[in-house]
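As structure tokens, the structure follows; a few thoughts come after it.
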Amino acid sequence: MKNTALLTALAAMLVSCSIVTATDSSNGRFEIPAEATKKSEKLPRFDAIETGGVLYVKYVKADRYSIELASLDNGEIEKTEYRVENGTLTVQRMQNDITWTKHNNPEQVYVTITAPSLSAIRNGGVVRFFFDDITSDSFILENSGASGIIGKSLKASSTINIENSGVSKMALDKLQADKVSIDNSGSSSIAVSSISAASSISVDNSGASKSSFSDLKATSAAIKSSGSSNLNITGIGVSHIAAKASGASKIALEGKAQDADYDSSGSSKVDASNLECNIANVESSGASSVKAYATNNAYVDSSRSSKVSIEGGANVVNK
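Mind the numbering: the sequence shown is residues -22 to -1, 1 to 297 in mature numbering (1 follows the signal peptide of the UniProt record, and there is no 0), read in order.
In structure tokens, the structure reads:
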């Protein structure tokens, strides 16, 4: 129920922050109107998708390469261009002769894409991209501009690399790979309900971005937050975690780790009072603060103006 609520909240955010259209009543779902005109075509082989303009796009895993366009206005279908080049399917809705305002909106165009597998999605413009299940050796997921991505399951045997930038928003149910890398920047937002990384996960949160993760399992985790960004992680289960906060950023951590390294500077805040670990190493400078929970030893190196508090009954050693 908690994971479902998280995705529902992010889906609502996608709707509220995207462009308003005359047929925009899907509430964060990919729903083609029953009376829509459709155009479909078989495509040559591709393993990557790149989008732009203003579109609703959904990827469906199937044993064929195809595209289907649907809209209440056939003219808008004709303004949507697509091509396969060097293994990438590019889909873009042309806007040269359109003034996109609240009172002058063309009908939405819905694009359904099928392929057996993918290795990359690069989503841009103000496109809303949906997918249910993607399995790959390695995968690149990029979201930029004012776009949005809602996905259920993304699995890779090797690596998953995610870049979320601009004012884009991303809501994912499940990530699973050997290594996971997430870069969230600008004023973007990302939420993931479950992350499983056999080896490691790294997160870089910057600008005014927001990241929210739950049920994070990995051997090691490296977390960075800068600018005025916010990063919240619950359900942590790792051997080692390193969290570094700078600027006016905030990091909140909850779960369990064998040992943890915390580094805060500027006016940043790290709240790991709900992250139980055996050994904690803390460095704090400037007007920053760190709250940690350790049961064995806590090694603290802090400046006079910074604040460090240790819970859990650990032996505190001031450097």
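We put the CB at the ideal spot given by N, CA and C, even for glycine.
Taking 7 Å as the line, does the beta carbon of residue i fall inside it for any heavy atom of the ligand SAM?
i, result
"Leu50", "The ligand SAM is absent from the structure shown, which contains no ligand whatsoever."
Under 8 Å by Cβ, that's how I've got residue i and residue j pegged, so tell me the actual separation to the nearest angstrom.
i, j, result
"Ala98", "Ile118", "4 Å"
"Lys222", "Lys247", "That belief does not hold up - the Cβ atoms of Lys222 and Lys247 are roughly 12 Å apart, past 8 Å."
"Gly164", "Val105", "With 8 Å as the limit, Gly164 and Val105 do not qualify as a contact, their Cβ atoms being about 17 Å apart."
"Ala175", "Ala155", "6 Å"
"Ile55", "Thr90", "Not a contact, Cβ separation roughly 13 Å."
"Ser245", "Ala226", "5 Å"
"His218", "Ser198", "5 Å"
"Gly233", "Ile214", "3 Å"
"residue 333", "Val278", "In this structure the chain extends from -22 to 297, so residue 333 is not present and cannot be described."
"Ser187", "Ser171", "Actually they are not in contact, since the Cβ atoms of Ser187 and Ser171 sit about 18 Å apart, beyond 8 Å."
Less than 8 Å between the C-beta atoms of residue i and residue j, yes or no?
i, j, result
"Ala220", "Asp239", "yes"
"Asn266", "Ser287", "According to the sequence shown, residue 266 is Ser rather than Asn. It is not a contact, given that the beta carbons lie outside the stated cut-off."
"Leu150", "Gly129", "yes"
"Val181", "Leu153", "no"
"Ala230", "Val216", "no"
"Leu96", "Asp25", "yes"
"Glu13", "Leu50", "yes"
"Ser280", "Ser262", "yes"
"Tyr34", "Val69", "no"
"Ser166", "Ser143", "yes"
"Val145", "Ala169", "no"
"Ser207", "Ala196", "no"
"Thr66", "Glu28", "yes"
"Phe135", "Asp111", "It is worth fixing the name first, because residue 135 is Ser in this sequence and not Phe. In this structure, Asp111 does not lie closer than 8 Å to Ser135 by Cβ."
"Val32", "Arg7", "no"
I'd like to confirm the pairing. Which residues does DSSP put opposite residue i in its beta bridges?
i, result
"Ile128", "Phe108, Ala149"
"Leu209", "Ser189, Ile229"
"Val295", "Tyr277"
"Tyr271", "Glu254, Glu289"
"Glu63", "Thr66"
"Tyr240", "Ala221, Val260"
"Tyr88", "Tyr34, Ala48"
"Lys133", "Thr113, Gln154"
"Lys39", "Ala93"
"Ser122", "Ser122 is not bridged to any residue."
What runs of the beta strand (DSSP E), each 3 residues or longer, lie entirely inside the segment 169 to 202? Entirely contained in the segment 169 to 202, the beta strand (DSSP E) runs reaching 3 residues are, in chain order, 188 to 192.
Give a yes or no on contact between the segment 42 to 53 and the segment 100 to 107, applying the rule of three or more CB pairs nearer than 8 Å. Segments in contact, no.
What are the uninterrupted segments assigned as beta strand (DSSP E) that are 3 or more residues long and contained completely in the segment 1 to 33, given in chain order? Segments of the beta strand (DSSP E) lying fully in the segment 1 to 33: 15 to 20, 26 to 30.
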